[in-house]
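K.L.:
Take 1 as the starting number for the sequence shown in full-length UniProt numbering and just add one per residue.
In this text, a Cβ means the ideal position worked out from N, Cα and C, and glycines have one as well.
My questions will all concern the structure given below.
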Amino acid sequence: HIQDFYPLLPLIINCRTRNSCTLRIRDLRESDSAEYKFRITTNQPGGKYKGEPGVTLSVTDLQVLVERSSTQTELKCHSSCKVVGRPSYVWYKNGLKMKEETFSLRVSVNDDNSYSCALKGHEDHPSPPVYAPKLLSVSVSPSGEIVEGSSVNLTCSSDANPAANYTWYKENEDSPKASGQIFTITDLRPEHSGNYYCEVNVDVQYLLLSVSVSPSGEIVEGSSVTLTCSSDANPAANYTWYKENLKLLQGPEGVYHFSSISSEDRGNYYCKSENKHGQINSASLFLDVQCE
Numbered sequence: 001h002i003q004d005f006y007p008l009l010p011l012i013i014n015c016r017t018r019n020s021c022t023l024r025i026r027d028l029r030e031s032d033s034a035e036y037k038f039r040i041t042t043n044q045p046g047g048k049y050k051g052e053p054g055v056t057l058s059v060t061d062l063q064v065l066v067e068r069s070s071t072q073t074e075l076k077c078h079s080s081c082k083v084v085g086r087p088s089y090v091w092y093k094n095g096l097k098m099k100e101e102t103f104s105l106r107v108s109v110n111d112d113n114s115y116s117c118a119l120k121g122h123e124d125h126p127s128p129p130v131y132a133p134k135l136l137s138v139s140v141s142p143s144g145e146i147v148e149g150s151s152v153n154l155t156c157s158s159d160a161n162p163a164a165n166y167t168w169y170k171e172n173e174d175s176p177k178a179s180g181q182i183f184t185i186t187d188l189r190p191e192h193s194g195n196y197y198c199e200v201n202v203d204v205q206y207l208l209l210s211v212s213v214s215p216s217g218e219i220v221e222g223s224s225v226t227l228t229c230s231s232d233a234n235p236a237a238n239y240t241w242y243k244e245n246l247k248l249l250q251g252p253e254g255v256y257h258f259s260s261i262s263s264e265d266r267g268n269y270y271c272k273s274e275n276k277h278g279q280i281n282s283a284s285l286f287l288d289v290q291c292e
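If you want it as structure tokens, here you go:
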């Protein structure tokens, strides 16, 4: 057999039916960055061979960075690798392509639309969507006169989506005073007097999507096999299973079952997870069905 080492998911291919093997990763992610090797195992004594030194795969990702002032919000299309030349960008508003082709995009502070970006020529690999945070609100409690020795809570809030990270600063000081939505100052002293402000940064999260096959190991023709697709989507996702690009099944369970698998079922399978925030595809899973 030839075994391709894919992170968390080995793929086994029968050499009797295939003289070469290809590792195909669908919906490539930055987390797929790794060194990949293959190992050949034969039926001869000592017949194990590992491909050295292997292949190093480096994957970049795009993110929309959010920078907000009191009058506007600036969105920047950021790549984790060095982009050669002066690329053009594509921006999407609520999934619809915009005219702008610049690195950054300015929107209103009250904008509640979702935005994503892509490198021109690679529009099929956009960044995850992000919602610009609206105007921040800051409050202090208890309200009224502040007495030396007492404690106060400064609270910063925003309806940013995805969730936001908050950092507190005191005016004319570069170092942050605290992180988190609430900044508590205890045992107040005159030196605490001054103007305070909070900064909000949108934390872009990636949806984790995994696929598995049961039972594991060699798949024999006529046996029962189950493919399972799961994710940590919120709200709950709807799943669609595909063989190559042929749609097989759609539903909230994410399970595709073969009651009696046949050699015709041999091939690459993947699933798609989708909710109101967007969709992603899983890595490809190869099923090799052995004759009885």
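Going by DSSP in three states, S175 sits in which element: helix, strand or coil?
P.N.:
Residue state, collapsed to three classes: coil.
K.L.:
With C-beta atoms as the reference, is S116 less than 8 Å away from P129?
P.N.:
Contact: yes.
K.L.:
Nearest to L23 by CA position, among C291, A283, V289, is which residue?
P.N.:
Answer by Cα proximity: A283.
K.L.:
Rounding to the nearest angstrom, what Cα-Cα distance links Q279 and P176 in this structure?
P.N.:
Each residue's alpha carbon lies about 36 Å from the other.
K.L.:
Can the beta-carbon of S263 be found closer than 8 Å to that of G222?
P.N.:
It is not a contact, given that the beta carbons lie outside the stated cut-off.
K.L.:
Since G267 contacts L287 with CB under 8 Å, what's their CB separation in whole angstroms?
P.N.:
With a Cβ gap of about 6 Å, G267 and L287 count as contacting.
K.L.:
Taking the alpha carbon of S193 as the reference point, which residue from A164, L96, E148 has its own alpha carbon closest?
P.N.:
The option with the nearest alpha carbon to S193 is E148.
K.L.:
Helix, strand or coil for E100, going by three-state DSSP, please let me know.
P.N.:
Three-state DSSP puts E100 in coil, outside helix and strand.
K.L.:
So Y89 packs on E101, CB below 8 Å; how close in whole Å?
P.N.:
Right, the Cβ-Cβ distance comes to about 6 Å (below 8 Å), so this counts as a contact.
K.L.:
Taking the alpha carbon of N153 as the point to measure from, which residue in E171, A178, Y131 has its own alpha carbon closest?
P.N.:
Answer by Cα proximity: A178.
K.L.:
Below 8 Å on the Cβ atoms is my contact criterion, and I expect I146 with L188 to pass it. Report the Cβ-Cβ distance as a whole number of Å.
P.N.:
With a Cβ gap of about 6 Å, I146 and L188 count as contacting.
K.L.:
For the candidate residues S58, V59, R39, L57, whose alpha-carbon lies nearest to that of G51?
P.N.:
Nearest C-alpha to G51: R39.
K.L.:
For S273 versus A237, is the C-beta distance shorter than 8 Å?
P.N.:
It is a contact, given that the beta carbons lie within the stated cut-off.
K.L.:
Just the C-alpha distance for T41 and K48, rounded to the nearest angstrom, thanks.
P.N.:
Near 5 Å, if we compare the C-alpha coordinates of K48 and T41.
K.L.:
Work out the CA separation of R86 and V289 for me, nearest whole Å.
P.N.:
Looking at the two C-alpha atoms, the distance is approximately 48 Å.
K.L.:
For H125, name the three-state secondary structure that DSSP assigns.
P.N.:
In the structure shown, H125 sits in coil (DSSP, three-state: anything other than H, G, I, E or B).
K.L.:
Beta carbon of S33, beta carbon of L62: below 8 Å?
P.N.:
No, the pair does not count as a contact, with Cβ atoms beyond the cut-off.
K.L.:
Anyone know if the C-beta pair for V59 and L28 falls short of 8 Å?
P.N.:
Yes; because the gap between Cβ atoms is below 8 Å, this pair is in contact.
K.L.:
Provide the residue span of the beta strand (DSSP E) that contains A118, from first to last.
P.N.:
That run of the beta strand (DSSP E) goes 114-119.
K.L.:
Curious, which full-length alpha helix (DSSP H) runs of at least 4 residues does the segment 201-260 contain?
P.N.:
Segments of the alpha helix (DSSP H) lying fully in the segment 201-260: there are none.
K.L.:
In terms of residue numbering, what span does the beta strand (DSSP E) encompassing E145 cover?
P.N.:
Unbroken run through E145: none, as it is neither H nor E.
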